[in-house]
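**Q**
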Amino acid sequence: METEGRPAGRVTLATVAGALGVSRATVSNAYNHPERLSERLRHQVLSTARELGYAGPHPLAATLSRGRVNALGLVYEDPMSFAFSDPAAVLFLQGVSEVCEREDLALVLISGGPNSAVARVALVDAVICYCDVPIEGRLAAIVDRGLPFVVVDGPRLPGAGHVGIDDRRGAAAAARHLLDLGHTRLGVLAMPLVDDGWEGTADPERQDRARYRASRERLLGYREALEAAGHRWSGVPVEERSPYGRDAGRRAAAALLAHRPRPTALLAMSDELALGATVAAADAGLAVPGDVSIVGFDDVPAAADAHPALTTVRQPHQEKGRRAAALLLRADPARDEHTLPVELVVRASTGPPPKRSEGP
14 METEGRPAGR VTLATVAGAL GVSRATVSNA YNHPERLSER LRHQVLSTAR ELGYAGPHPL
74 AATLSRGRVN ALGLVYEDPM SFAFSDPAAV LFLQGVSEVC EREDLALVLI SGGPNSAVAR
134 VALVDAVICY CDVPIEGRLA AIVDRGLPFV VVDGPRLPGA GHVGIDDRRG AAAAARHLLD
194 LGHTRLGVLA MPLVDDGWEG TADPERQDRA RYRASRERLL GYREALEAAG HRWSGVPVEE
254 RSPYGRDAGR RAAAALLAHR PRPTALLAMS DELALGATVA AADAGLAVPG DVSIVGFDDV
314 PAAADAHPAL TTVRQPHQEK GRRAAALLLR ADPARDEHTL PVELVVRAST GPPPKRSEGP
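In the working numbering, the protein residues as written are 14 to 373.
(1) Starting from R327 and walking both ways along the beta strand (DSSP E), at which residues does that stretch end?
(2) Quick check on the DSSP output: the alpha helix (DSSP H) that includes G334 runs from which residue to which?
(3) Tell me which residues share the same chain as L286 and place their Cβ nearer than 6 Å to its Cβ, disregarding the 5 neighbours each side in the sequence.
(4) Going residue by residue through the stretch 71-122, where are the continuous beta strand (DSSP E) segments of at least 3 residues, counting only ones entirely within it?
(5) From this set, A281, V140, D145, which residue's C-alpha is nearest A154's C-alpha?
(6) Using 8 Å for Cβ pairs, my map puts A290 next to V251. What's the rounded Cβ distance?
(7) For D311, does the three-state DSSP call read helix, strand or coil?
(8) Quick one: which unbroken beta strand (DSSP E) runs of 3-plus residues sit fully inside the stretch 225-259? Chain order, please.
(9) From which residue to which residue does the alpha helix (DSSP H) around E64 run?
(10) Does the stretch 348-361 come close enough to the stretch 257-273 to have 3 or more Cβ pairs within less than 8 Å?
(11) Go ahead and label H56 buried or exposed: buried means 16 or more other beta carbons lie within 10 angstroms of its beta carbon, across all protein chains shown.
(12) List the DSSP bridge partners of I178.
(13) Taking the alpha-carbon positions, what's the R81 to A119 distance?
(14) Which class does A38 belong to by DSSP, given the choice of helix, strand or coil?
(15) Since D311 contacts S283 with CB under 8 Å, what's their CB separation in whole angstroms?
(16) So G289 is in the alpha helix (DSSP H); what residue range does that whole segment cover?
(17) Can you pull the DSSP bridge partners for A281?
(18) Can you find the residues in the same chain that come closer than 6 Å, C-beta to C-beta, to G86, ignoring five residues on each side of it along the sequence?
(19) Excluding the 5 residues flanking V165 on each side, which residues of the same chain have their C-beta closer than 7 Å to its C-beta?
(20) State the DSSP-derived secondary structure class of V165, mapped to helix, strand or coil.
(21) So, are the CB atoms of V359 and G183 less than 9 Å apart?
(22) Report the CB separation of A43 from V58 in whole angstroms; it is logged as a contact under 8 Å.
(23) Please state whether the Cβ-Cβ distance between L199 and L206 is less than 9 Å.
(24) What's the call for Q328, buried or exposed, on a 16-neighbour Cβ count within 10 Å?
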């Protein structure tokens, strides 16, 4: 039995083709390759399909038939909310999205790291690993699937493309800037060095165990600049807080500013940490830069808008995203490595040390 105007049984692509007297390929093109049909014919196909109750090709079936899903995966080790809350991550995501929009690709966000259960089953053609993956086996889910992948900000790995910056050079420039201003007592606000949730001072042994490449390289940059100027690195306090963010910077800076003698300048491994440090300075009744200078790393929009505006190391977050996504459009992204430039941007948060630098 048929309902009026609609054939009995399951409505398929062949049903629509038969009703119109066209080939199945024509109906398929109306959904998957509209540029191959005239506007009039495509409208006719879609209208007839709606009347017959045909919803279009099943996405999974279409994927299997062409061997591609036209989607890039973007893997984070952090919670998904990090992608939308961390200013540097937001800029990076914008860069990736620009390429996806231009190439008509979907973007699949995958939290939990490159070896998560989601990474093993996500329907994607290639993967951007926006996370540190230094341990062998951490990429098993992606490697086992044979997916092309690019590592961003992590270490260079066999079989993967790479996009990053010279973290050590940027950190050294920040430290030299403070040394050139006359500072001799510095403290460091560190991003997590080891993934164990540590809250406290990072002693030399912990620094040597630093798991995350960016954190390790920035520490080395600070250290090389200070030691080249004749300062002992062992005399530089390093405070580490977790989870990463502005409040972590506030807590780490509060600990550093409680030291006696107090540091006259703080090196923060990110702008978020540095902006938290300005809050800690205000809470302690200290002026920036009159009593303590602060340097960040990233140059996110909030750095220029801060009061005082933040001296920082600029890195091209959006270009990193664009470059990483573009690499995955190439036949062999594993051959490509891109190290993007960094630049010290001097603003109002740094100045000479106070004449009475001991402080209350």
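Even glycine gets a Cβ: it sits at the ideal position worked out from N, Cα and C.
Source: prediction; values computed, not measured.
**A** Quick look at the numbers:
(1) Within the sequence shown, numbered from 1, the residue matching residue 327 stands at position 314. Looking at the DSSP string, the run of the beta strand (DSSP E) that includes R327 is 325-327.
(2) Working through the sequence shown from its first residue, we reach residue 334 at position 321. Residues 330-340.
(3) Within the sequence shown, residue 286 is the residue found at index 273, counting from 1. The answer, listed in chain order, is L202, G262.
(4) 84-88
(5) In the sequence shown, the residue the question calls residue 154 occupies position 141. Checking every option, the nearest Cα to that of A154 belongs to V140.
(6) Sequence index remark: in the sequence shown, residue 290 carries index 277 (1-based). Sequence index remark: in the sequence shown, residue 251 carries index 238 (1-based). Contact flag wrong, Cβ pair sits at about 14 Å.
(7) Indexing the sequence shown from 1 puts residue 311 at position 298. Correct three-state label for D311: strand.
(8) 251-253
(9) Numbered from 1 along the sequence shown, position 51 holds the residue referred to as residue 64. 52-65 is the extent of the alpha helix (DSSP H) around E64.
(10) no
(11) The count along the sequence shown starts at 1 and reaches residue 56 at position 43. H56 is exposed by the Cβ-count criterion.
(12) Counting from one through the sequence shown, the residue named residue 178 turns up at place 165. For I178, which the question treats as bridged, DSSP gives the partners L353.
(13) Numbered from 1 along the sequence shown, position 68 holds the residue referred to as residue 81. Numbered from 1 along the sequence shown, position 106 holds the residue referred to as residue 119. When rounded, the distance between both Cα atoms is 12 Å.
(14) Taking the first residue of the sequence shown as 1, we reach residue 38 at position 25. It is helical.
(15) Reading the sequence shown from its first residue, position 298 is the one you call residue 311. Reading the sequence shown from its first residue, position 270 is the one you call residue 283. Indeed, because the Cβ distance is near 5 Å, the residues count as touching under 8 Å.
(16) In the sequence shown, residue 289 corresponds to position 276, counting from 1. Where G289 is concerned, the enclosing alpha helix (DSSP H) stretches over 284-296.
(17) For the purposes of this step, residue 281 is taken as the residue at position 268 of the sequence shown. DSSP output for A281 lists L202 as bridge partner(s).
(18) Working through the sequence shown from its first residue, we reach residue 86 at position 73. Contacts found: V121, I123, A135, V137, V140.
(19) Sequence index remark: in the sequence shown, residue 165 carries index 152 (1-based). Hits under 7 Å: I141, C142, Y143, V176, G177, K333, A337.
(20) Translated into positions along the sequence shown, residue 165 becomes position 152. Strand, per DSSP.
(21) On the sequence shown, position 346 is the one that residue 359 refers to. On the sequence shown, position 170 is the one that residue 183 refers to. Cβ distance not < 9 Å, so V359 and G183 don't count as in contact.
(22) In the sequence shown, residue 43 corresponds to position 30, counting from 1. In the sequence shown, residue 58 corresponds to position 45, counting from 1. Their Cβ separation, rounded to whole angstroms, is 4 Å, which keeps A43 and V58 in contact under 8 Å.
(23) Here the question's residue 199 lines up with position 186 in the sequence shown. Here the question's residue 206 lines up with position 193 in the sequence shown. For L199 and L206, no; Cβs fall outside 9 Å.
(24) Mapped onto the sequence shown, residue 328 falls at position 315. Buried: at least 16 other Cβ atoms inside 10 Å.
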